[in-house]
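Everything below concerns the one structure shown next.
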Amino acid sequence: MIILYGTHRTGLKKIGARKDFCNACERECVGEQWRSFDLGHVFFIPILPLGTRERWRCSLCGKDPRARYTTTKPLRIIGLFVLPVFILPVFLVHDDTPPTNPGEAYGPYVIAAGVAAVWVYLLYSTFFRRDSGPLEDQRRAAVVPLSTDSCPYCHGPLTGAPDYRCPSCDIRIDGESSQPLRPPPLPAAQATKSSLTSATTESGRCPLCGMLRAHAGGCPNAR
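So for the sequence shown, our numbering puts the first residue at 2; every next one is plus one.
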């Protein structure tokens, strides 16, 4: 008897967005955070409530951008010891019964050759291959963050710095502002001294006393 079971997600809602690098499709993408209430179902009938879950999804392929999709080195090492178990019986077990089809005699050897090729590839990728490209963390660090000047979806203004949110879309935006940072305003006395210094530098004369060179400590008439 076949039992159909799985997870049903209801109440899907987008709650966040950020610029990211997807490990699945290996492209820069917009990572979208979704919230849902999960239910376990049997024959598509919801039975077991699993609670609220939050997941990140790639906007290009729909998978988790930061999940691992490659075989880790420990698993490859285990495969190097397990695969010979499937090859040795081909050479140790002999069947003297003549095959009815001439091609059946070569079938086990073809399978053994395929398993051997996989074993050689695992050996090469585990101990000899060197990754020439940048690592996942380096690629992710080179991604330009989303701009917080406006919402990437509705292009409306964002509020709540530094935790930017779009009031129209009701999502959180993780990014950086593209506007240049302005220095804080100077005190009144320091601002006057700075303006006099810049004026002296541009014209060559002090605007108060008319000297042809700048004053080391500021013009005496300004004190």
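Glycine residues also receive a C-beta, built at the ideal position from the N, C-alpha and C atoms.
Measuring alpha carbon to alpha carbon, tell me which of the options ends up nearest residue i.
{"i": "CYS26", "options": "ALA113, GLY63, ILE88", "result": "GLY63"}
{"i": "HIS42", "options": "TYR110, ALA162, ARG10, PRO109", "result": "ARG10"}
{"i": "ARG140", "options": "ASP39, SER37, PRO66", "result": "PRO66"}
{"i": "THR53", "options": "CYS30, TYR70, GLY12", "result": "GLY12"}
{"i": "VAL116", "options": "GLU29, LEU147, ILE88, PHE129", "result": "ILE88"}
{"i": "LEU40", "options": "GLY7, LYS14, ARG28", "result": "GLY7"}
{"i": "PRO90", "options": "MET2, GLY17, PRO109, THR73", "result": "PRO109"}
{"i": "TRP57", "options": "CYS170, THR71, GLN34", "result": "GLN34"}
{"i": "GLU177", "options": "ASP150, ILE16, THR73", "result": "ASP150"}
{"i": "ARG36", "options": "GLU55, GLY157, ASN102, VAL121", "result": "GLU55"}
{"i": "LYS15", "options": "LEU124, SER60, LEU76", "result": "SER60"}
{"i": "GLU29", "options": "SER126, CYS167, VAL144, LEU81", "result": "VAL144"}
{"i": "LEU147", "options": "PHE38, ASP175, TRP120", "result": "ASP175"}
{"i": "THR73", "options": "PHE128, SER169, CYS170, PRO85", "result": "PHE128"}
{"i": "LEU124", "options": "ASP138, ARG166, PRO85, PRO168", "result": "PRO85"}
{"i": "PRO153", "options": "MET2, CYS170, ASN102", "result": "CYS170"}
{"i": "PHE82", "options": "ALA114, VAL119, CYS167", "result": "VAL119"}
Can you tell me whether residue i is buried or exposed, with buried defined as 16 or more other CB within 10 angstroms of its CB?
{"i": "ILE4", "result": "exposed"}
{"i": "ILE79", "result": "exposed"}
{"i": "PHE22", "result": "buried"}
{"i": "LEU197", "result": "Confidence at LEU197 is low in this model, with a pLDDT of 47, below 50, so its placement is unreliable and the value that follows should be read with caution. Buried, since its Cβ has 16 or more Cβ neighbours within 10 Å."}
{"i": "ILE172", "result": "buried"}
{"i": "CYS155", "result": "exposed"}
{"i": "LYS20", "result": "buried"}
{"i": "ILE112", "result": "exposed"}
{"i": "ALA68", "result": "exposed"}
{"i": "LEU51", "result": "exposed"}
{"i": "LEU136", "result": "exposed"}
{"i": "GLY32", "result": "buried"}
{"i": "THR71", "result": "exposed"}
{"i": "ALA18", "result": "buried"}
{"i": "LEU76", "result": "exposed"}
{"i": "MET2", "result": "exposed"}
Using 8 Å as the limit for Cβ to Cβ distance, is residue i near chain B?
{"i": "ARG36", "result": "Given the protein chain composition of this structure (a single chain), no chain B is represented."}
Any chance you could list the alpha helix (DSSP H) runs of at least 4 consecutive residues sitting entirely within the stretch 53-128, in chain order?
-> 74-93, 108-128
What alpha helix (DSSP H) runs, 4 residues minimum, are completely inside the stretch 134-179?
-> 137-142
Stretch pair the stretch 147-164 + the stretch 43-58: three plus CB contacts closer than 8 Å = no
Run through the stretch 6-42 for me and flag every whole beta strand (DSSP E) of 3 or more residues, listed as ranges in chain order.
-> 6-22
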